[in-house]
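Sequential numbering of the sequence shown, starting at 10, is according to this note's numbering. In this text, a Cβ means the ideal position worked out from N, Cα and C, and glycines have one as well.
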Amino acid sequence: MPAIKCVGILTSGGDAPGMNAAIRAVTRAAIFNKIRVKGIYRGYKGMITDEIEEFHTQNVSNIIQRGGTILKTARCAEFKTPEGRKQAYDKLKEHGVDSLVVIGGDGSLSGARVFAEEYNLPIVGLPGTIDNDLYGTDVTIGYDTALNTIMECVDKIRDTATSHERLFFIEVMGRDAGFLALNGAIASGAEAAIIPEISLEKDQLAEMIETGFRKSKNSSIVLVAESDVTGGAMGVAERVKKEYPQFDVRVSILGHLQRGGSPTAQDRILATRMGIAAIDALLDGQRNVMIGIQKDEIVNVPFSKAIKNDKPINKDLLRALCISSI
Ligand code: ADP
């Protein structure tokens, strides 16, 4: 297998805090190993539109603490077509790029998998998503920061919820995963969480109300994961208004503020370790793998496993929320 000489880096799909720390680590690990680096702007789109620039160590100075991504991110419909991917590959060749590190979520890594198979190009993925929904890694880059943001927001909403003795449904992100909602509920002392993984099994709202979730409390906070399966916070609140009109209900949708902010120490360290591991993996001849972390050990997870494979919710967390919120 030919040695890697020039690696391209891109961030794609939904942005996540810690992506900059990952870009920094990949760049510096490559330069440390005498590999050239090309920053590709706006995800897969930047390959097609030729937004590719040589990166040196100073390109990634002073970014570890910044949220978002200096490489920008985008969604790119053309890359889903063979013609779009051919254009992308031709541009990479023009720039001498012979390997790629893709930082993104499930969709971005699905694109990487297709591209790597079509062009026999070594690609390593880093799990960059606040949703924590990639299989084969205990956590993803950005998840811890988003969780802390949710906790801070819920703490503030609780002040007003308590004053008015209201029932608040707070919607958090997660796409079709309940990690942010469940762990956000535990961390903020919420009374319950409504998550897609459980909504299919039982009526969480009915159970919550029937078990007298309010008991001695004069306000309640319930975190709802955004998802068609849960109906989102609006859907749940509509049901309560119809079926349990005795409650004074309010909805708060946290939205995009969950993606922003300076990454936590945990996300910066995770992104740094994973970024270095991506270059190690390429040097080791690995391809079509996502870097993951399991029990604090870096692992390589084949794309085929990491993508479209449901990551299970730890039942111990459901128990922790039930017990701690009585
Ligand atoms: P995320 O990475 O946050 O899950 P998306 O699902 O929006 O984000 O995917 C980001 C981009 O990855 C898409 O806009 C597209 O360019 C590319 N992509 C996603 N799925 C595929 C696929 N099956 N084939 C090729 N490219 C894809």
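Could you give the first and the last residue of the continuous alpha helix (DSSP H) run that contains residue i?
| i | result |
| --- | --- |
| S208 | 205 to 208 |
| V69 | V69 -> no alpha helix (DSSP H), and no H or E assigned at all. |
| N29 | 28 to 41 |
| I79 | No alpha helix (DSSP H) contains I79, which DSSP labels as neither H nor E. |
| S334 | Run containing S334: none; DSSP gives neither H nor E here. |
| S229 | Careful: S229 lies outside any alpha helix (DSSP H), inside the beta strand (DSSP E) at 229 to 234. |
| R167 | 152 to 173 |
| A290 | 274 to 292 |
| K250 | 241 to 252 |
| Q213 | 213 to 219 |
| G269 | Per DSSP, G269 belongs to no alpha helix (DSSP H) and is neither H nor E. |
| V57 | A small fix is needed here, since residue 57 is Ile in this sequence, not Val. Run containing I57: 52 to 57, per the alpha helix (DSSP H) assignment. |
Between residue i and the ligand ADP, is the CB less than 7 Å from at least one heavy atom?
| i | result |
| --- | --- |
| D115 | yes |
| R51 | no |
| V123 | yes |
| T58 | no |
| G77 | no |
| T154 | no |
| R248 | no |
| R268 | no |
| S359 | Residue 359 lies beyond the stretch modelled for the chain, which goes from 10 to 335, so this question has no answer here. |
| T138 | yes |
| S334 | no |
| S236 | no |
| R84 | yes |
| S119 | yes |
What did DSSP end up calling residue i once you bin it into helix, strand or coil?
| i | result |
| --- | --- |
| C15 | strand |
| I262 | strand |
| P91 | helix |
| T20 | strand |
| A25 | coil |
| V123 | helix |
| A186 | coil |
| Y144 | coil |
| D319 | coil |
| A86 | coil |
| Q255 | coil |
| G105 | coil |
| D325 | helix |
| D237 | coil |
Starting from residue i, follow its DSSP beta bridges and name the residues at the other end.
| i | result |
| --- | --- |
| D134 | One point to set straight first is that residue 134 is Gly, not Asp, in the sequence displayed. Answer by DSSP bridge pairing, in chain order: V111, M299. |
| F64 | V46 |
| N309 | I300 |
| A196 | Looking at the DSSP assignment, A196 forms no beta bridge with any residue, so it has no partner. |
| A202 | L232 |
For the beta strand (DSSP E) containing residue i, name the first residue and the last one.
| i | result |
| --- | --- |
| L7 | Nothing about residue 7 can be read from this structure; the chain reaches only from 10 to 335. |
| G48 | 45 to 49 |
The ligand FAD heavy atoms versus the CB of residue i: any closer than 7 Å?
| i | result |
| --- | --- |
| K89 | Among the ligands modelled here, namely the ligand ADP, the ligand FAD does not occur. |
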